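Asks:
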Amino acid sequence: MPARLDHTIVHSRDRFASARFLAELIGEPEPKSFGPFASLPLDGGVTLDYLDAPAEIVSQHLAFLVSEDEFDEIFARMKERELPYWAGPMHEKPQRINHLFGGRGVYLDDPDGHSIEFITRTYVID
Ligand SMILES: [Fe+2]
3 MPARLDHTIV HSRDRFASAR FLAELIGEPE PKSFGPFASL PLDGGVTLDY LDAPAEIVSQ
63 HLAFLVSEDE FDEIFARMKE RELPYWAGPM HEKPQRINHL FGGRGVYLDD PDGHSIEFIT
123 RTYVID
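Read left to right, the sequence shown gives residues 3 to 128 (my numbering).
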C-alpha cells in the first residue's frame, strides 16, 4: 500500500515569517496557527508545519512542481521582491533559471536558508 506524505516539519527562526514567505510566493493564504506550528497546506494534501527551531537550523531542500503559469506568477513575485535566485542547487548561475527536462526551474533561499526550488517538469528518472 503506497504511503502518501501528509505533513512535514520545517524548522525556522520565526515560523510565521518563514511560512508567510513561501505562502506569498506561491499565492497561498496566510498560514494557520496549529499548536506550535504555522501550518501551510499545499495542493496534493501535504502540509508544511513550520516550527520555531529548538536548535541550529539545518538547511532542507523543498521542491515544488508548478504549472508554467504558476511559475510565471511565482517568478514575477521573486523579481518584484528582488530576491536572489539561481539556476543550480549549489548557487550556480545567479539570477538565471534552468530549462531541465524541457521545463523551467529556479532555486532560492528562504529566510532560514532552506533551499526552495520551483520546477515545471518533474525530474526524469529511468
Ligand atoms: Fe531538487
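Cβ coordinates follow ideal geometry from the N, Cα and C atoms, glycine included.
Quantities reported herein were computed from a predicted structural model and do not represent experimental measurements.
Can you check the region 32-75 for any beta strand (DSSP E) of at least 3 residues that lies completely inside it and give the ranges in chain order?
Replies: Those beta strand (DSSP E) runs which fall completely within the region 32-75 and span 3+ residues are 34-36, 39-43, 49-54, 63-67.
Asks: So, helix, strand or coil for glutamate 119, using DSSP?
Replies: Position 117 of the sequence shown, counted from the start, is the residue given in the question as residue 119. In this structure, glutamate 119 counts as strand in the three-state DSSP scheme.
Asks: Classify aspartate 110 as helix, strand or coil using the three-state DSSP reduction.
Replies: Taking the first residue of the sequence shown as 1, we reach residue 110 at position 108. First, the amino acid is wrong: residue 110 is leucine here, not aspartate. Strand, per DSSP.
Asks: Taking only three categories from DSSP, how would you classify isoleucine 11?
Replies: What you label residue 11 is simply residue 9 of the sequence shown in a count that begins at 1. Looking at isoleucine 11 - three-state DSSP - the assignment turns out to be strand.
Asks: Confirm, please, whether the CB-CB distance from arginine 106 to threonine 124 is below 8 Å.
Replies: Position 122 of the sequence shown, counted from the start, is the residue given in the question as residue 124. Position 104 of the sequence shown, counted from the start, is the residue given in the question as residue 106. No, these two residues do not count as a Cβ contact at 8 Å.
Asks: Considering only DSSP beta bridges, list what proline 96 is partnered with.
Replies: Here residue 96 refers to the residue found at position 94 of the sequence shown. According to DSSP, which records beta bridges pairwise, proline 96 is partnered with Trp88.
Asks: For phenylalanine 39, count neighbouring Cβ atoms within 10 angstroms of its own Cβ and tell me buried if that reaches 16, exposed if not.
Replies: Counting from one through the sequence shown, the residue named residue 39 turns up at place 37. When all chains shown are included, phenylalanine 39 counts as buried.
Asks: Within 10 angstroms of its Cβ, does aspartate 74 collect 16 or more other Cβ (buried), or is it exposed?
Replies: Locating residue 74 in the sequence shown gives position 72, counting from the first residue. Per the 10 Å Cβ criterion, exposed.
Asks: Evaluate valine 12 with the Cβ neighbour count: other Cβ atoms within 10 Å of its Cβ, from every protein chain shown; 16 or more gives buried, anything less gives exposed.
Replies: Here residue 12 refers to the residue found at position 10 when the sequence shown is read from its first residue. That one is buried.
Asks: Going straight from the alpha carbon of proline 96 to that of glycine 46, what length do you get?
Replies: On the sequence shown, residue 96 is found 94 positions in, with the first residue counted as 1. On the sequence shown, residue 46 is found 44 positions in, with the first residue counted as 1. Near 30 Å, if we compare the C-alpha coordinates of glycine 46 and proline 96.
Asks: Pick helix, strand or coil for arginine 6, following the three-state DSSP scheme.
Replies: One-based indexing of the sequence shown puts residue 6 at position 4. Coil at arginine 6, not helix or strand.
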